[in-house]
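Colleague: Note that numbering that gives the first Met the number 0 gives residue 110 to position 111 of the sequence shown, counting from 1, and the numbers run on in steps of one.
Have a look at this one.
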Amino acid sequence: MNTIENGGILGTTANSGNYTTKKSALSKDDFLKLLITELKFQNPLEPLESKEYIAQLATFSTLEQLQNLNEQISTMSAISLIGKNAKAADEKGYVSGVVKGVSFAQGELKLILGDEGRLVSLKDVFEIS
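This is the structure:
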């Protein structure tokens, strides 16, 4: 049985059904806000050196590319679940069924479960078999 945490398949393990969602990384919007604040409050007598600014822009570019890569990996992971049995927990309780497809709805990946086509967020899936 495969276990999914934070949108990725971790391997063959048993799962107790308890899971948490963590948001530990800054988003690109957070990074831009920090950069703008830094530029706004910099000392006019000692402005940010161009090499520091370029390094921060390179960091931002790398961050954006990593986020795009993470989205692509999540999409591929979700697609690989088609045809497998999935169990998930949502506000209505537990749901299970065969993954019929993948949808990108309301800004997140969702699995289409069972013949009734119930949409389940990928982050709510706790068991794949």
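Don't be surprised by glycine CBs; every beta carbon is placed ideally from N, CA and C.
1) Would you give the residue range spanned by the beta strand (DSSP E) that E126 belongs to?
2) Roughly how many angstroms separate the alpha carbons of L68 and L110, rounded to a whole number?
3) Counting only the same chain and skipping the five closest in sequence on each side, list residues whose C-beta sits under 8 Å from that of G7.
4) Tell me which same chain residues have a C-beta within less than 7 Å of the C-beta of I78, skipping the five on either side of it?
5) May I ask which residues mark the beginning and end of the alpha helix (DSSP H) holding K50?
6) How big is the Cα-Cα spacing for L80 and A54?
7) By the three-class DSSP mapping on this structure, what secondary structure does D89 have?
8) I'd like the span of the beta strand (DSSP E) that includes L118, first residue to last.
9) Could you compute how far the alpha carbon of S120 sits from the alpha carbon of S60?
10) Is S102 a contact residue of the ligand MN, with contact defined as CB to any heavy atom under 7 Å?
11) Could you pull the start and end residues of the beta strand (DSSP E) that L44 belongs to?
12) Pull the bridge partners of L34 from the DSSP assignment, please.
Modeller: Let's see:
1) In the sequence shown, residue 126 corresponds to position 127, counting from 1. That run of the beta strand (DSSP E) goes V124 to I127.
2) Position 69 of the sequence shown, counting from 1, holds the residue named residue 68. Position 111 of the sequence shown, counting from 1, holds the residue named residue 110. Straight-line Cα distance between these residues: approximately 20 Å.
3) Along the sequence shown, read from residue 1 onward, the residue named residue 7 stands at position 8. Low per-residue confidence applies at G7: pLDDT is 46, beneath 50, and the placement is therefore not dependable, though the value from the model is reported in the following sentence. Hits under 8 Å: I72, S73 and S76.
4) Your numbering for residue 78 matches position 79 in the sequence shown. Counting only Cβ-Cβ distances below 7 Å, and skipping sequence neighbours, we find V101.
5) Looking up residue 50 in the sequence shown gives position 51. Element bounds for K50: S49 to I78.
6) Indexing the sequence shown from 1 puts residue 80 at position 81. Indexing the sequence shown from 1 puts residue 54 at position 55. About 39 Å.
7) Counting from 1 along the sequence shown, the entry for residue 89 is found at position 90. D89 falls in the strand class under three-state DSSP.
8) By one-based count along the sequence shown, residue 118 stands at place 119. Here the beta strand (DSSP E) through L118 covers R117 to S120.
9) As a working note, residue 120 is residue 121 in the sequence shown. As a working note, residue 60 is residue 61 in the sequence shown. Going by the C-alpha atoms only, they are around 28 Å apart.
10) Among the ligands in the structure shown, none appear at all, so the ligand MN cannot be discussed.
11) Taking the sequence shown and counting its residues from 1, the one referred to as residue 44 is at position 45. That residue, L44, is in no beta strand (DSSP E); it is neither H nor E in DSSP.
12) Here the question's residue 34 lines up with position 35 in the sequence shown. According to DSSP, which records beta bridges pairwise, L34 is partnered with nothing at all.
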